[in-house]
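Chains A and B, in that order, give the protein sequences.
The first sequence begins at -14 in the numbering used here and counts up by one.
The second sequence begins at -14 in the numbering used here and counts up by one.
C-beta atoms are modelled at their ideal positions from N, C-alpha and C, and glycine is treated no differently.
As the structure is a prediction and not an experimental result, all values here were calculated from the model.
Here's the structure we're looking at; comments come further down.
2 protein chains.
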Amino acid sequence: MPFKFEVLKTDPSGARLGRMTTPHGVIETPAFMPVGTAGTVKGLTQQALEQLGVGMLLANTYHLYLRPGHELIARLGGLHRFMSWQGAILTDSGGFQVFSLADLRKVGDEGVHFRSHLDGSAHLLTPEKAIEVQRALGSDIGMVLDECIEYPADRERTRGAAARTLDWARRSRSLLDNIGLGSFDVGAGSDPGTESAKICNPEQVFFGIVQGGTFPDLRRENACRLVELGFPGYAVGGLAVGEPHELTCEAATAAVEELPGDKPRYLMGVGKPEQIVDFVRCGIDMMDCVLPTRNARNGCLYTRQGPLHIKNARYAGDSRPIDETCGCMVCMRYSRAYLRHLFQANEILAAVLNTHHNVHFFLDLMRAIREAIAFGSLSRFSSELQARLETGQS
Amino acid sequence: MPFKFEVLKTDPSGARLGRMTTPHGVIETPAFMPVGTAGTVKGLTQQALEQLGVGMLLANTYHLYLRPGHELIARLGGLHRFMSWQGAILTDSGGFQVFSLADLRKVGDEGVHFRSHLDGSAHLLTPEKAIEVQRALGSDIGMVLDECIEYPADRERTRGAAARTLDWARRSRSLLDNIGLGSFDVGAGSDPGTESAKICNPEQVFFGIVQGGTFPDLRRENACRLVELGFPGYAVGGLAVGEPHELTCEAATAAVEELPGDKPRYLMGVGKPEQIVDFVRCGIDMMDCVLPTRNARNGCLYTRQGPLHIKNARYAGDSRPIDETCGCMVCMRYSRAYLRHLFQANEILAAVLNTHHNVHFFLDLMRAIREAIAFGSLSRFSSELQARLETGQS
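Below, the structure written as structure tokens:
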């Protein structure tokens, strides 16, 4: 199935109900993607992901490039086959992780020189290399390389990073046009010395990324220029890095207003449940975040009444499920008392069950949001959600 | 269902095909019980245990007594309900763990004074207390308290521990006779001050334990005396503590020869796959061991050609399953290359998938052993297994 995106319905707020067709299945949007950093959503089997109804997950190019290596994955048939996952996969460009390395990286116009956090080895990530690695991984949606900056950052620094991001997007567009999908061997990018392997996902597409920090006008300008290059979808990057929620929404809205209505919009790295509704109302179609999985491992469980910290002594003898209105496998079977015991005893099953529940919660939230858009009740849904969370437990 | 044991067929070697009826299901014997120390088989959901066909698992009284506490578990309806497991559960007496504490315990005729490995708190484990705690947990099969000693131990020390074990078995028998099943409240044992809770498993039974170290005559004598007390099943304890395999078999055989043929025999804490067949041929019906689960977490995977160490670089690009003749969920879906990657990246899924495979391997071995007994081919099966394992991979 070649990549396709349709908007089925638009809410007065700007929220969209959509359907994205990928080489590995159809995704209903707005969609939330669990994060499978190293080719695994920590604590969940691929069978569990299927049972949860995960349509698309995110994998991190940086991590897979370093270990086990994109060439190895290509030789084994690509990431889908490597991890035995027949749903859709989106890969990031590696840029965000590389920029997070702080002292271990140096940015130039050519790309980013960085040292591996695993063994200190030196690497150069260029826009071309980011494409090469993601082609080898064979994800359904790849990302072009962008320059992420910290918050707060001043206007000049932000403008510079946005300009470089645009330059890199041009180089990426040019490489993608030259190679032609399906005729691109691993190693044909910036580094012709690497071992060649067959392309595992000839219908893979790449999204452009809008930068511009928290300056709405820079976001607008960057989005306009990016759209001139023409991508099948657009990400809004460099947000959710510490700025207030209102600024995230403002910057995202500014970018979205310049993006074409018939292409999917992906807000990278968000968000909390109550924020997700806001982002959907900004016209965002796709999101990803480590919150449900990372918080699960820290014992923070999502409920319709707000987060529940399972290590709290008050749950020691509590025979109720995490969330009495949740229909997930964990809530159907296990008590808070048992989950607290597993967490206190540092048992593997704590991470497994907590993650299962939290991912189910986020997917359930997205289902409820899509239904609310379909029934024209998103505004009421959003108010009720906020009210519930404000009176919640801790 | 009240406890019942039937021997269906006996092999010339002494191996028995049997059927054990417990309050929580029927177990085909010879049976292997995975170890669920703290009320969880590390890395496996209860759904996975069901899918694997686990009929009975072992839980450790010592660990559950300390955390979350037997009274809490009793208030929550017993261990089956607490961990949401409707199969059978066997609990040990806590003795083995307490004796392993070395500097933290002191044995006397009354019982064992010990300090918790978690918080250093002082406790006294008596034969009566061991029963009280296990009654609160509500396992299907409990164990009376025995005195475990190290290997090597001289004859006098071994004789003393066996005598004390027998004395404790008498006290246990006496308490069990006095309380009468079904009328025993938690707290009615040695420590009347503890909170009372209803009995969760009125049809629970307790096995006696034969001691006697590696001295066959002491094993025989201890078994004879124990049988006079009359238990519904007998365990052989204090073995697999470092002695050569031949001595384990010799001591187990000596004990088994004095045990009644119509009662199940449980060899505690064994064993390696190739040893399990030998123990079955000694007339053993039940075994438990942490090997499949602990080794899984260390990357040691069992195959029909011997153990496979998944961290070995040779598996980095190996697209084959762990064991090409294995039908488990892991071998049906995941490659050695992916499993090696997960192990190298220290991912939770490594422990989850490795454990699933190893437990499946042990249960498959037991199925094959039972079939071999049924078809009268156990001797040939045993020879072939040894030959395969000797030519195996590493």
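Counting only unbroken stretches of 4 or more residues, the alpha helix (DSSP H) elements lying wholly within the segment 18 to 90 of chain A are 31 to 37, 46 to 51, 55 to 60, 64 to 68 and 80 to 84, in sequence order.
By the C-beta criterion, the segment 0 to 8 of chain B is judged not to be in contact with the segment 277 to 295 of chain A, since fewer than 3 inter-stretch pairs fall below 8 Å. Within the segment 111 to 175 of chain A, complete alpha helix (DSSP H) segments of at least 4 residues are found at 112 to 122 and 140 to 164, given in chain order.
The C-beta separation of Gly246 (chain B) from Val(-8) (chain B) comes to about 7 Å, placing the pair in contact by the 8 Å criterion. Phe328 (chain A) and Ala335 (chain A) have their C-alpha atoms some 5 Å from each other.
Check the Cα spacing between His102 (chain A) and each of B:Ser101, B:His342 and B:Ala330: the tightest is with B:Ala330.
Per DSSP, reduced to three states, the secondary structure at Tyr323 (chain B) is helical. When DSSP states are grouped into helix, strand and coil, Glu235 (chain B) belongs to the helix group. For Leu348 (chain B), the enclosing alpha helix (DSSP H) starts and ends at Ile333 to Ala359. Taking each of B:His108, B:Ser69, B:Glu213 and B:Lys257 in turn and checking the Cα distance to Pro229 (chain B), the smallest one comes out for B:Lys257. Separation of the CB atoms of Val195 (chain B) and Ala225 (chain B) is rounded to 14 Å, and the pair is thereby denied contact status at 8 Å. Nearest to Gly198 (chain B) by alpha-carbon distance, out of B:Phe191, B:Pro187 and B:Tyr136, is B:Tyr136. Residue state for Tyr287 (chain A) is assigned as coil, using DSSP reduced to three classes. With the rule of 3 Cβ pairs closer than 8 Å, the segment 30 to 38 of chain B does not count as touching the segment 52 to 62 of chain B.
Checking the DSSP bridge columns, you'll see Phe99 (chain B) partnered with B:Arg90 and B:His108. Taking a cut-off of 8 Å on C-beta distances, the segment 41 to 56 of chain B touches the segment 73 to 88 of chain B, as three or more cross pairs fall below it. Contacts with chain B at 7 Å (Cβ-Cβ) include Arg318 (chain A). Ile194 (chain B) carries a strand assignment under DSSP once its states are collapsed to helix, strand and coil. Counting other Cβ atoms within 10 Å of its Cβ, Thr310 (chain B) stays below 16 and is therefore classed as exposed. By the 16-neighbour rule on beta-carbons within 10 angstroms, Phe360 (chain B) is exposed.
For Ala336 (chain A), the C-beta contacts it makes with chain B under 9 Å involve Ile333, in order along the chain. Assignment of beta-bridge partners to Tyr219 (chain B) by DSSP yields B:Gly193 and B:Arg250.
When Cβ pairs closer than 8 Å are counted between the two stretches, the segment 340 to 360 of chain A is seen to touch the segment 268 to 286 of chain A, the count reaching three or more. In the displayed model, Ile307 (chain A) falls within coil according to three-state DSSP, outside both helix and strand.
At a Cβ-Cβ threshold of 7 Å, Leu89 (chain B) and Arg100 (chain B) count as neighbours.
Distances from the alpha-carbon of Thr143 (chain A) to those of A:Asp152, A:Glu132 and A:Trp153 put A:Glu132 closest. The DSSP-derived three-state label of Ala225 (chain A) is coil. About 16 Å separates the Cβ atoms of Thr14 (chain A) and Asp263 (chain A), ruling out a contact at the 8 Å cut-off. Phe192 (chain B) and Ala220 (chain B) do touch by the CB rule: their CB atoms are close to 5 Å apart, below 8 Å.
Assigned with DSSP and collapsed to three states, Val241 (chain A) falls in helix. Chain-ordered listing is empty here: chain A has no CB closer than 7 Å to the CB of Met18 (chain B), the nearest sitting near 18 Å.
For the segment 285 to 315 of chain B, the set of residues with a beta-carbon nearer than 8 Å to any beta-carbon of chain A comprises Ala301, Gly302, Ser304 and Met314, in chain order. Ranked by how close their Cα comes to the Cα of Met272 (chain A), the residues A:Pro8, A:Asp(-4), A:Pro(-3) and A:Met18 have A:Met18 in first place. Counting along the chain, Phe(-10) (chain B) sits inside the beta strand (DSSP E) bounded by residues Lys(-11) to Thr(-5). In this structure, Leu122 (chain B) lies near His55 (chain B), with their beta-carbon atoms less than 7 Å apart.
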